[in-house]
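According to my numbering, the residues represented by the sequence shown are 2 to 468, in order.
For glycine and all other residues, C-beta sits at the position ideal for the given N, C-alpha and C.
Just so we're clear, the structure is a prediction, and the values are computed from it rather than from any experiment.
See below for the structure under consideration.
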Amino acid sequence: GMFDATQVGAWEVYLGCPAWSLVLFAVLAAIYVSLLLVQSYVQPASPQPETDGARPTHGSRGGTEAEFAVFQRRWAVVYTTIMLADWLQGTHMYALYASYSLSKDDIGNLFLAGFGSGAVFSTVIGPFVDRCGRKAGCILYCVLEIVINILEHFSSMRLLLLGRVLGGISTSLLFSAFEAWLVTEHRKRGFPERWLERTFSMNGALNGVTAIAAGLIAQALTVNLGMGSIGPFRGAIGLTFLALVQILPWDENHGDRQAEVSASLHLALGTMRKQPSLWMLGVVQSLFEGAMYTFVFNWVPVLEPLAPANARAAFPHGIVFACFMLCIASGSALFELAARRLDARQTVALTLAIATAALATPVSVESFGAVLCCFCVFEACCGAFGPGCATLRSRVIPPKIHSTILNFYRISLNLAVVAGTKGSTVASSSTLFAACAIGLALATACQLALNADPRVHRPATDGRKAE
Numbered sequence: 002g003m004f005d006a007t008q009v010g011a012w013e014v015y016l017g018c019p020a021w022s023l024v025l026f027a028v029l030a031a032i033y034v035s036l037l038l039v040q041s042y043v044q045p046a047s048p049q050p051e052t053d054g055a056r057p058t059h060g061s062r063g064g065t066e067a068e069f070a071v072f073q074r075r076w077a078v079v080y081t082t083i084m085l086a087d088w089l090q091g092t093h094m095y096a097l098y099a100s101y102s103l104s105k106d107d108i109g110n111l112f113l114a115g116f117g118s119g120a121v122f123s124t125v126i127g128p129f130v131d132r133c134g135r136k137a138g139c140i141l142y143c144v145l146e147i148v149i150n151i152l153e154h155f156s157s158m159r160l161l162l163l164g165r166v167l168g169g170i171s172t173s174l175l176f177s178a179f180e181a182w183l184v185t186e187h188r189k190r191g192f193p194e195r196w197l198e199r200t201f202s203m204n205g206a207l208n209g210v211t212a213i214a215a216g217l218i219a220q221a222l223t224v225n226l227g228m229g230s231i232g233p234f235r236g237a238i239g240l241t242f243l244a245l246v247q248i249l250p251w252d253e254n255h256g257d258r259q260a261e262v263s264a265s266l267h268l269a270l271g272t273m274r275k276q277p278s279l280w281m282l283g284v285v286q287s288l289f290e291g292a293m294y295t296f297v298f299n300w301v302p303v304l305e306p307l308a309p310a311n312a313r314a315a316f317p318h319g320i321v322f323a324c325f326m327l328c329i330a331s332g333s334a335l336f337e338l339a340a341r342r343l344d345a346r347q348t349v350a351l352t353l354a355i356a357t358a359a360l361a362t363p364v365s366v367e368s369f370g371a372v373l374c375c376f377c378v379f380e381a382c383c384g385a386f387g388p389g390c391a392t393l394r395s396r397v398i399p400p401k402i403h404s405t406i407l408n409f410y411r412i413s414l415n416l417a418v419v420a421g422t423k424g425s426t427v428a429s430s431s432t433l434f435a436a437c438a439i440g441l442a443l444a445t446a447c448q449l450a451l452n453a454d455p456r457v458h459r460p461a462t463d464g465r466k467a468e
């Protein structure tokens, strides 16, 4: 048969990882490839007639499919390069700090410094990006990342701390400037709103595939090229420079250029007060991402003790991580397929309900196979939630203050992450997963309430909302 025991045994020795991890990877890869085939062969549902407001008022002329394909391809190249650089650093950050013989507490504090600085600077960065330009924000991101990755070469705690604080700022830019630029540019060029969903689900799939690639490239840089743990950070410097060169020719776009930072914040808070859908979406996003980060910090200590005896000594972290990333890519592909029949708001509610069940299971179940499967399902939910939530954000957030609102969402997210990280040192894993499941159940309820708001149904246009 295909999985002949002796063959698998030989592969186990050759790749140095247990058979179950290889089988899981093969199965998930097959699922992902078949989803891609279904995507390309199944025709999208006949285009629904453009509903009121779905044609952006910003583009005077409708952009064509061909123009959109070029635009999307250019975006994809930059997005992939940026995300690959970002994932590369994530693969070995802990290992790098450990190689500088920092204590576990020091390393924890470095991570917290990053999230804390993200929470503090989020408020200022949003208005800055809306006012000074989204392209400028993307360029600043690249410059900061190059500086940060140079700082990672030094074992001095002060320099590493500076790097993490700058990292909090750059992460806020990564998750607001790029999306705000994309959404505004898409509308400026007169493309239909529906096509934004396509780009968001492409982003999700690219993100998953990029993370798998990052794992393999990081392995090559550290081991095969003999650079050790600093290798991936050098790779990130090169990639970020490439991205910077590709961003320079972009057109600039702005939010409200006149507004002072305080005025932007005031407008954002006022809008959130008048429009509950804005803060509800923020709550949904923070609860989901809080659960996601808690999962990221805790899947290893939960899975390792449950693993078959032969895997405990050398648990295949890399392969399992790659499996999770395949699940993320599959989740994004599933979102794209679902989006052809269902509206994003229904898909997001369904995703949240499934995610709740997936993280509630490990609380009571101790079977390795069952927990691993639940974790895979949860990662697929992460892949579907990303593009789903981005689609809803593009409908609900007024374009003038896009970055400002996105950064408001990041404050609560960063606080949730700090709670989750600190929580993992205090509470047992099953308590944490129970907390995540409760949080996700709340998010599901919030999303269902949100779905009743007509604003979530049709895309936001500048004129109707900015007032």
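Could you check if Q448 is buried or exposed, using at least 16 other CB atoms within 10 Å of its CB as the buried criterion?
buried
If R135 and N254 are in contact, beta carbons under 8 Å, what's the gap, nearest whole angstrom? 6 Å
Notebook entry, point to check: If you check the beta carbons only, do G332 and E261 fall under 8 Å apart?
Noted result: no
Does the distance between the C-beta of L407 and the nearest non-hydrogen atom of the ligand SAH fall short of 7 Å? Annotation note on the ligand SAH: not contained in the displayed structure, which lists no ligands.
Q) Mind checking if N452 is an interface residue toward chain C, Cβ cutoff 8 Å exclusive? A) The question asks about chain C, but that chain is absent: this structure has only one protein chain.
- Task: For the alpha helix (DSSP H) containing P193, list its first residue and its last residue.
- Result: Counting along the chain, P193 falls outside any alpha helix (DSSP H), and DSSP gives it neither H nor E.
Drop a sphere of 10 angstroms on the beta-carbon of N208, count the other beta-carbons inside from all chains shown, and report buried for 16 or more, exposed for fewer.
buried
Practice item. Let me know the secondary structure DSSP gives C18 once reduced to three states. Key: coil
ask   = Where does E290 land, buried or exposed, given buried means 16+ other C-beta within 10 angstroms?
value = buried
Proximal residues to I32 (C-beta, below 7 Å), its chain only, five neighbours per side dropped
S331
Where does Y95 fall in DSSP's three states? helix
Within 10 Å of its beta-carbon, does P19 have 16 or more other beta-carbons around it, so buried, or fewer, so exposed?
buried
**Prompt:** Between the beta-carbon of P309 and the beta-carbon of S22, is there less than 8 Å?
**Reply:** no
**Prompt:** Considering only the beta carbon of each residue, do L160 and L152 sit closer than 8 Å?
**Reply:** yes
Requested in this report: Give the DSSP-derived three-state secondary structure of A1 in the structure shown.
Outcome: Because the chain in this structure spans residues 2 to 468, residue 1 falls outside the shown range and cannot be described.
- Message: Does W280 come out as helix, strand or coil in the three-state DSSP assignment?
- Response: helix
Exercise. Who are the Cβ neighbours of S35 in its own chain at under 6 Å, not counting the five residues just before and after it?
Worked result: none
(Q) Mapping the DSSP letters down to three states, classify L103 as helix, strand or coil. (A) coil
ask   = Between the beta-carbon of V301 and the beta-carbon of F116, is there less than 8 Å?
value = no
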